[in-house]
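Since the structure comes first, as structure tokens, the remarks are kept for the end.
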Amino acid sequence: MQKNIRNFSIIAHIDHGKSTLADRLIQSCGGLADREMDDQVLDSMDLERERGITIKAQTVTLKYKAKDNQDYILNLIDTPGHVDFTYEVSRSLAACEGGLLVVDASQGVEAQTVANCYTALDQNVEVFTVLNKIDLASADPDRVKTEIEDVIGIDATDAIPCSAKTGLGIPDILEKIVSFVPAPKGDPNNPLQALIIDAWFDNYVGVVMLVRIVEGSLATKDKVTLMSSGRNYAADQIGIFTPKPLIQDKLVAGEVGFVIAGIKELATAKVGDTITGTQNPAKKPLPGFREIKPQVFAGLYPVESNQFEALRTSLEKLSLNDSSLNFEPENSSALGFGFRCGFLGLLHMDIIQERLEREYEMELITTAPTVVYELLLKNGEVEQIENPSKLPDLSTIEQIREPIITLNVLLPQDYVGPVMTLANEKRGIQKNMQYLGRQVMLTYEIPLNEVVLDFFDKLKSVSRGYASMDYDFLEFRGSDLVKLDILVNGERVDALSTIVHRLNSKFRGRDLAAKMRELIPRQMFDVAIQAAIGANIISRETVKAMRKNVLAKCYGGDVSRKRKLLEKQKEGKKRMKQVGNVEIPQEAFLAILKVDDK
Amino acid sequence: MITTPQSVGVYVHLPWCIHKCPYCDFNSHEASQEKVRSLEEEYVDTLIEEFNFYQDLIKERIITSIFFGGGTPSLISPKLFEKFITAIHKNFDLSKTEITLEANPGTIDIKYFQSYADLGINRVSLGIQSFNDNHLQSLERIHSSEEAKQAIVVVKKYFKNFNLDLMFGLPNQSLAELTEDIDTAISFNPNHLSFYHLTIEPQTRFFKSKPEIPSDDDAYEMLSLVLKQLKNSHFDHYETSAFAQPDHQCRHNLNYWTFGDYLGIGAGAHSKLTHENEIFRMDNTKNPKQYITEVAKQNFFPNKTLIPQQDLPFEFLMNALRLTHGFTKETYSQRTGLSLDDVKSKLHPSFQQDLLYEDHEILKPTEKGVLFLNEILHNLI
């Protein structure tokens, strides 16, 4: 049977049609009847559908009768499609022998596609190319083929033209999968090695793990061990997704399916970990496993302080299904009680914030995102801080180290100038510049701290949307960093403290204070806004006192209208946060994001 | 226990204007003088029918004021005011009643004013707004500065008691221009002045296309000027926007600001009446035609709602703290049936912010509190 199995992933940029293509493949193989097809079945969360990205990978096993009259099992292994999830993507690809590189026939290649395609090639995944959206008038397959060859360096001569929307080219793709993607290897008689591709929490059965059996076999009731932790479980249920779950007696080398083993906490089932048999364990785990650590942090606070417990409950529920979400209670003098949350990246943060607001109806104040800093203390100890306001006394610090990433930006030649200027402003060090046909790949080492604020938005705007990026953590690197504080009427607003490079600190302080002056409404007294580094005030702005606040008219017919007006004003005030006697609106806590550094 | 007030004010709404001003959010409807002639009789008959229905509610009380507001009441023929006042007079003593008519320059007919005075109207409120032709134009008033002045002369001839409505903070207005407006107003020696800060209200044309108006700081300078000049001329600044010579406060408006009872009749008119330890409000439909239909169908007590007890402190204070001399604690207890002690904790921050003053008898806003009344009220919500 193994020779008739094909395991493959779709490699594509967001919006290039991965989900639609997946749906079409499922449909062609009779996975779901037409009427059951909800568009884009693989993206099960509403939010994903809206953003057009898949957050949690899901997989599907398809039966396909090829032109050679043989029956094949096609396992489509879904991958998350964003820069924040590079590790998850690499684990999905590690479970495959083949990859469909899907490129939009009018948009061409994007940085992330390149990164994911390289990841696939590194793992010896056989990649062939599909040009999607070929039915669009703007499709330019010849240009895009050249671009694929120039930028990625793989032969695109035989790229299959396709339209996932109309179904054009789908039969060709299915045939190509059978003929081109190698059958899996692996011996069913070896000790079990199953790769955890993905895991999620189900309210009824607990943690569900999606696995690829690399070696050996796994049967129901087998005792298994998670190799990273050494913890033992019993495989209560195993099966495959068609895409509906279908219970099986066993899974053997080469197959993909799910395992339910009575695991209660998602954090236990780590993506990339190896499951082996407890009785006859493998000598080594599969390569490539990594503990994933959050890279971006932000404070999440309820607008109404009495919603703190509700926020905790919501975060707990979300983390059931998202082991990369970290959170710890935090107390801010400005914002009250909230949580310091760690995310894989900016998109991850956006998604969590939006889900909290939409699905859990939380009203949130989010502080500007920051990164983890590593501190070398004078006493020789190394510690990490996730919140700038927690920076200890400078006299105890030998060196502050910031996370540096390797950033790849792929863009049309015309925009090289502005993008290089942007990267320089953000303290990027250019490492490479490669002309790939009409495209250019710029590689920088750049502080993550500079990227998390607004780099992506700015990149899009200076390149008119054409530049795409991909990044990976490189190292912690010592730098001349200082803590910039904001004081409002003499009180330090902890939620506004940031760590910045000394050279930028003056401008940042000045711009931030100026922005705050715009955002803080006038009050009955003057409000002084100061930017400070240590005891040194580097900038000062004043919000002048308002002089009057009274309604000009109120007569017999006005009462209910005026009352409503006053209530509305009061509602606006209630949503502000009190620092000392100053009322600060929520937007002000994100002022850092709105500051243009010049 | 709420004390039912012995007195009551009657507001009568006359909804037509020759031209609707771009800042106006009152219930007014454009109609030519001819159009008004064709509509006024049926409308006033309806007013009388409505009053007759409600008069039982106030039959033991004294009508201390009648206020003909609008719209532009001076568009209505004197004979109809006579008809209306006669109808009220049937069951009520009006010998000591303040009867005010709102009038706009540009609609002033000398003959009319003599008749208005003859039939018992004893106070006129003139919508001047400004004496500056440029500003009158930007406010789309239908009168000129000269017409405004002539109108005052006419009104003065027949009425001892008259008010001038003016505004400050007008588009492109300078302090010098405002000084001129104040001086001109004072030169006519009115015994009452209303000086309003122009507010851009929702549902007005100014709201949709906002004119350039003086900044908040400039508007404050303007207000300071108004306060200073009128003080020098011995006007008492007795309410946020109202100024009076001694003993010439507007009784009708004072009744609103002391949370008194009032019966409103006519299109869009509001009433607030105490009845057996409860206070209810009602408000008529705004459209004049619709209003006539509703009364004809005997659809009375429109939108009648009781003011919940917990809302009484706020509603009382929202009105009474507009009075710069404040109010007696006794009035508060009579009108609301409650004690001020109940809202002590909510008033506390306002005392701390130096916005309120009290002694054993009265509560009033401080000089600062007069300017920051909204802040006091926010603390109460």
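Line by line, the protein sequences are chains C and W. Position one of the first sequence corresponds to residue 305 (the working numbering), numbered consecutively onward. Position one of the second sequence corresponds to residue 11 (the working numbering), numbered consecutively onward. C-beta atoms are modelled at their ideal positions from N, C-alpha and C, and glycine is treated no differently.
### Query
Got a sec? Which residues, its chain only, sit under 8 Å from L894 of chain C by beta carbon, not counting five neighbours each side?
Along the first sequence, one-based indexing puts residue 894 of chain C at 590. For L894 of chain C, where only same-chain residues beyond five positions count, the Cβ hits under 8 Å are T670, T671, A672.
### Through-space distance from D103 of chain W to Q363 of chain W, alpha-carbon basis
The residue you call residue 363 of chain W lines up with position 353 of the second sequence. The residue you call residue 103 of chain W lines up with position 93 of the second sequence. Roughly 46 Å separates the two Cα atoms.
#### Entry: Alpha-carbon spacing of L499 of chain C relative to I309 of chain C, whole angstroms
Counting from 1 along the first sequence, the entry for residue 499 of chain C is found at position 195. Counting from 1 along the first sequence, the entry for residue 309 of chain C is found at position 5. If I take the Cα positions, the gap works out to 17 Å.
### Query
Whose C-beta lies closer than 8 Å to the C-beta of S410 of chain C among residues of the same chain, with five residues either side of it excluded?
Stepping through the first sequence from its first residue, residue 410 of chain C is reached at position 106. Only K437, L440, S442, A443, D444, V448 meet the Cβ criterion.
#### Entry: Cβ-based burial, H285 of chain W [other Cβ within 10 Å; buried from 16]
Position 275 of the second sequence, counted from the first residue, corresponds to residue 285 of chain W. H285 of chain W should be labelled exposed.
### Query
In terms of DSSP beta bridges, what is A523 of chain C paired with?
As a first step, residue 523 of chain C is located in the first sequence; it is residue number 219 there, counting from the start. A523 of chain C is bridged to C:K554.
### Task
Take P716 of chain C and list the residues in its own chain whose beta-carbon comes closer than 7 Å to its own, dropping the five residues that flank it on each side.
In the first sequence, the residue the question calls residue 716 of chain C occupies position 412. Result list for P716 of chain C: R742, Q743, Y770, in chain order.
### Query
Is there at least one Cβ from chain C nearer than 7 Å to T250 of chain W's Cβ?
Counting from one through the second sequence, the residue named residue 250 of chain W turns up at place 240. Yes, T250 of chain W counts as interfacial toward chain C.
### Query
Just curious, the alpha helix (DSSP H) that I98 of chain W is in, first and last residue?
Sequence index remark: in the second sequence, residue 98 of chain W carries index 88 (1-based). Run containing I98 of chain W: 88-99, per the alpha helix (DSSP H) assignment.
### Query
Unbroken alpha helix (DSSP H) runs of length 4 or more, entirely within the region 581-665 of chain C: which are they?
612-624, 650-662
### Query
Which of helix, strand or coil does DSSP assign to F78 of chain W?
Counting from 1 along the second sequence, the entry for residue 78 of chain W is found at position 68. In the structure shown, F78 of chain W sits in a strand (DSSP, three-state: E or B).
### Query
Any idea what DSSP makes of E678 of chain C, helix, strand or coil?
Taking the first residue of the first sequence as 1, we reach residue 678 of chain C at position 374. In the structure shown, E678 of chain C sits in a strand (DSSP, three-state: E or B).
### Query
Start and end of the beta strand (DSSP E) containing T365 of chain C?
To locate residue 365 of chain C, count along the first sequence from 1; it is residue 61. Element bounds for T365 of chain C: 363-369.
### Query
DSSP state of P475 of chain C, grouped into three classes?
Here residue 475 of chain C refers to the residue found at position 171 when the first sequence is read from its first residue. Helix, per DSSP.
#### Entry: Cβ neighbour criterion (16 or more within 10 Å) applied to L662 of chain C
In the first sequence, the residue the question calls residue 662 of chain C occupies position 358. According to the sequence provided, residue 662 of chain C is Arg. The question's Leu does not apply to it. Exposed, because fewer than 16 other Cβ atoms sit within 10 Å of the Cβ of R662 of chain C.
### Message
For Q552 of chain C, which residues in the same chain have their Cβ closer than 7 Å to its Cβ, ignoring the five residues on either side in sequence?
### Response
Residue 552 of chain C sits at position 248 when you count from the first residue of the first sequence. Within the same chain, Q552 of chain C has close Cβ partners I542, G543, I544, G561.
### Query
Would the beta-carbon of I196 of chain W fall within 7 Å of that of S243 of chain W?
Position 186 of the second sequence, counting from 1, holds the residue named residue 196 of chain W. Position 233 of the second sequence, counting from 1, holds the residue named residue 243 of chain W. Against a cut-off of 7 Å, the Cβ pair of S243 of chain W and I196 of chain W comes out as a contact.
### Message
Can you tell me whether L681 of chain C is buried or exposed? The criterion is at least 16 other CB atoms within 10 Å of its CB, across all chains shown.
### Response
Translated into positions along the first sequence, residue 681 of chain C becomes position 377. Exposed: under 16 other Cβ atoms inside 10 Å.
### Task
Can you have a look at Y927 of chain C and say buried or exposed, based on whether 16 or more other CB atoms are within 10 angstroms of its CB?
It is not possible to answer for residue 927 of chain C, since the shown part of chain C is limited to 305 through 902.
#### Entry: Min CB distance A856 of chain C to chain W below 7 Å
Position 552 of the first sequence, counted from the start, is the residue given in the question as residue 856 of chain C. Chain W, which has a Cβ nearer than 7 Å to the Cβ of A856 of chain C, makes this yes.
### Message
Taking 8 Å as the limit between beta carbons, can you name the residues of its chain near T700 of chain C, skipping five residues before and five after?
### Response
In the first sequence, counting from the first residue as 1, residue 700 of chain C sits at position 396. These residues qualify, in order along the chain: L681, K682, N683.
### Query
Would you say A602 of chain C touches the ligand SAM, meaning its beta carbon is less than 6 Å from a heavy atom?
This structure lacks the ligand SAM; in fact it carries no ligand of any kind.
### Task
Taking a Cβ distance cut-off of 8 Å, strictly less, list which residues of the region 95-128 of chain W are near chain C, in chain order.
none
#### Entry: Neighbour list for Q873 of chain C in chain W, Cβ cutoff strictly below 8 Å
The residue you call residue 873 of chain C lines up with position 569 of the first sequence. By Cβ distance, chain W contributes N384, H388.
### Interface residues of chain C facing N263 of chain W [CB-CB closer than 8 Å]
Locating residue 263 of chain W in the second sequence gives position 253, where the first residue counts as 1. Ordered by position in chain C, the residues that pass the 8 Å Cβ test against N263 of chain W are Y859.
### Query
On the three-state DSSP scale, how would you describe F312 of chain C?
Within the first sequence, the letter at position 8 stands for residue 312 of chain C. F312 of chain C: strand per DSSP, three-state reduction.
#### Entry: The beta strand (DSSP E) enclosing L174 of chain W, as first and last residue numbers
Translated into the one-based positions of the second sequence, residue 174 of chain W becomes position 164. Start and end: 171-178.
#### Entry: Option in C:D815, C:V792, C:N808, C:L800 with minimal Cα separation from D830 of chain C
What you label residue 830 of chain C is simply residue 526 of the first sequence in a count that begins at 1. The shortest Cα separation from D830 of chain C among C:D815, C:V792, C:N808, C:L800 belongs to C:V792.
### Query
In or out: M305 of chain C buried (at least 16 other Cβ within 10 Å) or exposed?
In the first sequence, the residue the question calls residue 305 of chain C occupies position 1. Classification for M305 of chain C: exposed.
### Message
By the 8 Å beta-carbon criterion, what residues does the region 799-823 of chain C contribute toward chain W?
### Response
none
### Query
In three-state terms, what does DSSP make of G356 of chain C?
On the first sequence, position 52 is the one that residue 356 of chain C refers to. Bear in mind that the predicted position of G356 of chain C carries a pLDDT of just 41, short of 50, making it unreliable; the figure below should be weighed with that in mind. Here G356 of chain C sits in coil by DSSP.
### Query
Nearest to S154 of chain W by CA position, among W:F169, W:K167, W:V165, W:G137, is which residue?
For the purposes of this step, residue 154 of chain W is taken as residue 144 along the second sequence, with counting starting at 1. It is W:G137 whose Cα lies nearest to the Cα of S154 of chain W.
### Message
Quick check on H29 of chain W: does DSSP put it in helix, strand or coil?
### Response
On the second sequence, position 19 is the one that residue 29 of chain W refers to. Looking at H29 of chain W - three-state DSSP - the assignment turns out to be coil, as it is neither helix nor strand.
### Query
Can you tell which of C:K525, C:R812, C:G860, C:L714 has its C-alpha closest to the C-alpha of I841 of chain C?
Taking the first residue of the first sequence as 1, we reach residue 841 of chain C at position 537. The shortest C-alpha separation from I841 of chain C is found at C:R812.
### Query
Using the rule of at least 16 other Cβ atoms within 10 Å of the residue's Cβ for burial, across every protein chain shown, is Q416 of chain C buried or exposed?
Here residue 416 of chain C is taken as the residue at index 112 of the first sequence, counted from 1. Q416 of chain C comes out buried.
### Query
Does the Cβ of R332 of chain W have 16 or more other Cβ atoms within 10 Å, making it buried, or fewer, making it exposed?
The residue given as residue 332 of chain W occupies position 322 in the second sequence. R332 of chain W comes out buried.
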